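Asker: One structure, pasted below without further comment.
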Amino acid sequence: RIRPYIAKALVSRDRDNYIMRHVVGKPPACTHAKLEVAEYEVSSKWTAVHDDMEEANERELTIISKERPSLSGDIEVTGRVHHAGNTVMLMADSLRQLDRAEVDLSGVLNDLVQICPWQTEDPAVMEEYLQRRCADLAYNVTKIYGRHPLHVTHELLAHSPLWMTVEQIKTRGWLDVAVIGDTSTGKSETFRRLMEHHKLGTWMNCVQNISRAGLTMGAITSRDGVRLRPGVFPRNHRKMLVLDEFHHAVKEGIMSDLQGARDDGRVFGAKVYG
């Protein structure tokens with residue numbers, strides 16, 4: 001019953017006065033009343049724009065939820081929509097991340113152990129398995145032959161763990177690779193087809209308008225002031241990210257800002273307004 005008033009209070013210019021009148025019910029005879037904040041948490045504000053939209057106008061939907069989602073991934077939100085003037089606000093009852101799930105391998109675990117020598121320390125056994133695996137992908141997925149190192153690089157990158165424990169020390173597990181070679185030799189197409197096959201990762205072409213702020217974060221002006229806009233790296237947190245034709249972005253000196261993302265998974269953004 002109180003939710004419509006909360007939605008309108010959050011977009012009101014005088015929130016405290018609105019809450020006093022419509023939520024608390026302050027009587028006219030009361031000469032003094034004060035709102036005390038019992039608990040406060042900094043939240044994030046998302047901006048959604050359809051991929052097929054040619055216009056650049058932003059559509060904002062404010063979601064009030066006890067659960068705070070990450071900046072990346074798809075979410076499913078259930079709740080009630082409330083109109084507050086020219087804006088719409090969703091009071092969420094539940095929020096679920098759609099890009100995270102536990103995969104039950106118990107039914108096929110024995111088959112996987114027999115196929116993949118995951119505990120071997122023999123380089124010859126590892127190489128023999130990678131030869132079989134990448135030949136299968138080349139003939140049945142990518143249709144690109146003779147590029148064994150490219151297939152191996154993608155498979156090791158895509159299947160590397162985020163973190164792992166080595167000798168009781170938690171250390172980074174994900175790989176960071178750079179594919180360098182002549183043009184039109186199958187580098188981009190091999191990676192693209194494998195990503196589509198595995199249904200994971202995000203592909204960004206640096207020939208497009210990719211800047212330091214676009215990769216890390218920037219600040220934009222909105223109707224409620226200046227706020228941060230997460231870039232490609234924060235939006236793809238915990239995901240595989242491929243930057244194609246990255247040599248076109250070297251002129252802006254982005255690598256120094258991305259070193260934290262490559263080493264410990266943290267992005268340090270420059271103060272860029274635009």
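FYI, full-length UniProt numbering numbers position 175 of the sequence shown as 175, with every residue one higher than the one before it.
Quick reminder that beta carbons are idealized off the backbone N, C-alpha and C, glycines included.
This one's a predicted model, so the numbers in the text were calculated from it and none came from an experiment.
When the Cα of residue 264 is compared with those of 195, 248, 175, 121, which residue comes out closest?
Answerer: Residue 175 is the option with its Cα nearest to residue 264.
Asker: Suppose contacts are defined by Cβ-Cβ distances below 8 Å. Is residue 153 in contact with residue 179 by that definition?
Answerer: Yes, the Cβ-Cβ distance between residue 153 and residue 179 is below 8 Å.
Asker: For the putative contact between residue 203 and residue 244, defined by C-beta atoms under 8 Å, what is the C-beta separation to the nearest angstrom?
Answerer: Going by Cβ atoms, the distance from residue 203 to residue 244 rounds to 7 Å, so yes, they are a contact pair.
Asker: Between residue 220 and the rest of its own chain, which residues show a CB-CB distance below 6 Å, the 5 nearest in sequence each way excluded?
Answerer: Same-chain partners within the cutoff: 229.
Asker: On the CB-based measure, 16 or more other CB atoms within 10 Å of its CB, does residue 218 come out buried or exposed?
Answerer: Burial call: buried.
Asker: Quick one: residues in its chain with C-beta nearer than 7 Å to the C-beta of residue 254, no 5 flanking neighbours on either side, listed in chain order?
Answerer: 212, 215.
Asker: Straight-line CA distance for residue 232 to residue 80?
Answerer: About 30 Å.
Asker: Report the three-state DSSP secondary structure of residue 240 (helix, strand or coil).
Answerer: Residue 240 falls in the coil class under three-state DSSP.
Asker: For a quick check, are the C-beta atoms of residue 95 and residue 77 less than 8 Å apart?
Answerer: Result yes, Cβ atoms of residue 95 and residue 77 sit closer than 8 Å.
Asker: From residue 35 to residue 193, what distance separates their C-alpha atoms?
Answerer: Going by the C-alpha atoms only, they are around 57 Å apart.
Asker: Cutting at 8 Å between CB atoms, please list the residues of its own chain near residue 134, excluding the five before and the five after it.
Answerer: Contacts found: 148, 151, 152, 155.
Asker: Can you give me the Cβ contacts of residue 92 inside the same chain, cut-off strictly under 6 Å, excluding the 5 residues immediately before and after it?
Answerer: Same-chain partners within the cutoff: 63, 65, 77, 79.
Asker: Identify, in the order they occur along the chain, each residue of the same chain with its Cβ nearer than 8 Å to the Cβ of residue 260, setting aside the five sequence neighbours on each side.
Answerer: Same-chain partners within the cutoff: 266, 267, 268.
Asker: Compute the distance between the beta-carbons of residue 158 and residue 198, then report whether it is under 8 Å.
Answerer: Cβ atoms of residue 158 and residue 198: closer than 8 Å.
Asker: Quick one: grab the DSSP three-state call for residue 260.
Answerer: Three-state result, residue 260: helix.
Asker: Please go through the same chain and pick out, in chain order, the residues whose beta-carbon is closer than 6 Å to the beta-carbon of residue 187, but skip the five residues on each side of it.
Answerer: So the qualifying residues of the chain are 179, 181.
Asker: Run the CB neighbour count on residue 249, radius 10 Å, all protein chains shown included, and call it buried at 16 or more, exposed below.
Answerer: Answer is buried; the Cβ neighbour count reaches 16.
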